[in-house]
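**Student:** This is the structure, below, for whatever I ask next.
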Amino acid sequence: MDKTLLLKHIVDKLKVVHQSAIDAATRAYETATDEENAPEHKYDTLSLEASYLAQGQALRVTECEDDLALYAKLDIKHFTSEDAISLGCLIHLIDDSDGDKFVFLGPAAGGLKISFSDKEIIIVTPSAPLGQALAGSHIDDEIEVHIGGERKLFDIVAIC
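Structure (structure tokens):
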């Protein structure tokens, strides 16, 4: 699998998320500063609430920019079957019900789903429970993850 192309797909998706965050922040700012939303009495909090929303959306834009910067610095390593899993690794897992899962251990944007080469790939970060279990593991290892009080087992069948 061409991981350089996969990384490009991830960055493209992050750019879409970033633009969406910019658009939401712009709308929130415009709502917060709109003359029609000026308080009419001391209990009218619409403009205050809108300003909090604008601040939150601005933080989201910053987070998206940070995610993009981390992926811009990510070195694409082509892992061999002897390598331990680390940042930048694409992992093929089989869960305890024989379902295939493909995850990319990335520096940020955990939970983001990418469609690539007819596969759905989910980004997992090293701070996530699955990312912690994967880091340092090898092909043919079985990992155990506790998510939401539920125990899940995964077999690592391939990395690249």
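Residues in the sequence shown are numbered consecutively from 17, following the numbering used here. Built from N, CA and C at the ideal position, the CB exists for glycine as well.
If you draw a straight line from the C-alpha of Lys-20 to the C-alpha of Lys-89, how long is it?
**Tutor:** As a position in the sequence shown, residue 20 is number 4, starting the count at 1. As a position in the sequence shown, residue 89 is number 73, starting the count at 1. The amino acid at residue 20 is misidentified as Lys; the sequence shows Thr. Near 13 Å, if we compare the C-alpha coordinates of Lys-89 and Thr-20.
**Student:** At what residue ranges does the segment 92 to 158 contain a whole run of the alpha helix (DSSP H), taking only runs of 4 or more?
**Tutor:** 145 to 150
**Student:** What residues are listed by DSSP as bridge partners for Arg-167?
**Tutor:** On the sequence shown, residue 167 is found 151 positions in, with the first residue counted as 1. Per DSSP, His-162.
**Student:** Could you check whether Pro-145 and Pro-123 sit closer than 9 Å to each other, using their CB atoms as the reference points?
**Tutor:** Residue 123 sits at position 107 when you count from the first residue of the sequence shown. Residue 145 sits at position 129 when you count from the first residue of the sequence shown. No. Outside cutoff.
**Student:** Taking the straight line between their C-alpha atoms, what separation do you get for Asp-134 and Asp-18?
**Tutor:** Numbered from its first residue, the sequence shown carries residue 134 at position 118. Numbered from its first residue, the sequence shown carries residue 18 at position 2. The alpha-carbon atoms of Asp-134 and Asp-18 are separated by roughly 13 Å.
**Student:** Do Leu-121 and Leu-86 have their C-beta atoms within less than 9 Å of each other?
**Tutor:** If you number the sequence shown from 1, residue 121 lands on position 105. If you number the sequence shown from 1, residue 86 lands on position 70. Contact: no.
**Student:** So who's on the other strand from Ile-175, going by DSSP bridges?
**Tutor:** Taking the first residue of the sequence shown as position 1, residue 175 is located at position 159. Note: Ile-175 sits in a beta bridge opposite Ile-107.
**Student:** Between the segment 23 to 38 and the segment 73 to 82, can you find at least three pairs of beta-carbon atoms closer than 8 Å?
**Tutor:** yes
**Student:** Can you give me the C-alpha to C-alpha distance between Ser-191 and Ile-172, rounded to a whole angstrom?
**Tutor:** Given that the chain is displayed from residue 17 to residue 176, the structure contains no residue 191 and the question cannot be resolved.
**Student:** Out of Ser-113, Phe-95 and Leu-169, point me to the one whose CA is closest to Ile-175's CA.
**Tutor:** Within the sequence shown, numbered from 1, the residue matching residue 175 stands at position 159. The option with the nearest alpha carbon to Ile-175 is Phe-95.
**Student:** So Leu-86 is in the alpha helix (DSSP H); what residue range does that whole segment cover?
**Tutor:** As a first step, residue 86 must be located in the sequence shown, where it is residue number 70. For Leu-86, the enclosing alpha helix (DSSP H) begins and ends at 62 to 89.
**Student:** Just the Cα atoms here: how many angstroms apart are Ile-137 and Leu-109?
**Tutor:** Reading the sequence shown from its first residue, position 121 is the one you call residue 137. Reading the sequence shown from its first residue, position 93 is the one you call residue 109. Rounded to whole angstroms, Ile-137 to Leu-109 spans 11 Å at the Cα level.
**Student:** Is it true that the CB of Thr-47 sits closer than 9 Å to the CB of Ala-66?
**Tutor:** In the sequence shown, counting from the first residue as 1, residue 66 sits at position 50. In the sequence shown, counting from the first residue as 1, residue 47 sits at position 31. Cβ distance < 9 Å, so Ala-66 and Thr-47 count as in contact.
**Student:** Here's a check: name, in chain order, each residue in its chain whose Cβ is nearer than 6 Å to the Cβ of Val-119, leaving out the five neighbours to either side.
**Tutor:** What you label residue 119 is simply residue 103 of the sequence shown in a count that begins at 1. Shown here for Val-119: same chain residues with a beta carbon closer than 6 Å to its own, the five before and five after excluded, namely Ile-107, Ile-138 and Val-140 in chain order.
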